[in-house]
Amino acid sequence: MLRKNRPEFAIGEEPLGKIKGYDIELYLDLERHYPPMLRRPPYPESLETRKEIEKHVNELLDMDVIRKIGHNEIVEITTPILITWHDGKSKLFGDFRALNSYTTSDRYPIPRIPHALDKLEKAKYITKIDCMKGFHPNGVKPNSMK
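Each position in the sequence shown, counted from 1, maps to that position plus 498 in my numbering.
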């Protein structure tokens, strides 16, 4: 399966990029005014940390996972947080709770973990697919980019 679908998988540190052909439609509740809480002041950070954050952001821009927004391209919806491991690798996080409060929830039932694990009881093979840096980079339909 992996050989047949090789272009769909990243190996090692190879970048995955945005998943093509499966754009998500988001439903936003824009009746409320654009909240000032979405524009949070950045956390204090060192010059070295700022450079590492910019490196991660530029990598995501190059892979078309994220895009710049706003007429002046400096609007920030979240304050980026950089976590650096002991081996020197780092991971970029963002707190999107304020933005998520404007997204209409999809009521699709998510399976409960114990039920999902029960179904694996007699499995012969169990695999794990790790999406790049812990998230699933789907595209967003143009009408959802507000």
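Even glycine gets a Cβ: it sits at the ideal position worked out from N, Cα and C.
Checking the DSSP bridge columns, you'll see V638 partnered with I522. Under the three-pair Cβ rule at 8 Å, the stretch 612-623 does not count as touching the stretch 576-594. With contacts defined as CB atoms closer than 9 Å, L524 and V638 qualify as a contacting pair.
For T547, the enclosing alpha helix (DSSP H) has its first and last residue at L545 to D560. Annotation for W583: K589 place their beta carbon closer than 8 Å to its own, counting only its chain and skipping 5 residues before and after. Using a 10 angstroms sphere on the CB of P578, the tally of other CB atoms reaches 16 or more, which defines it as buried. G586 is bridged by DSSP to nothing; it lacks a bridge partner. The straight-line gap separating the alpha-carbon atoms of R548 and D616 is approximately 44 Å.
Following the DSSP letters along the chain, one finds L615 inside the alpha helix (DSSP H) bounded by residues I611 to K617. Taken atom to atom, the span from the alpha-carbon of P640 to that of R565 is near 12 Å.
Between the alpha carbons of H554 and I567 lies a distance of about 17 Å. By the criterion of a C-beta distance shorter than 8 Å, I624 is surrounded in its chain by L618, once the five residues flanking it on both sides are discounted. Taking Y541 as the centre and dropping the five residues before and after it, the same chain places the C-beta of T577 and I579 closer than 8 Å to its C-beta, in chain order.
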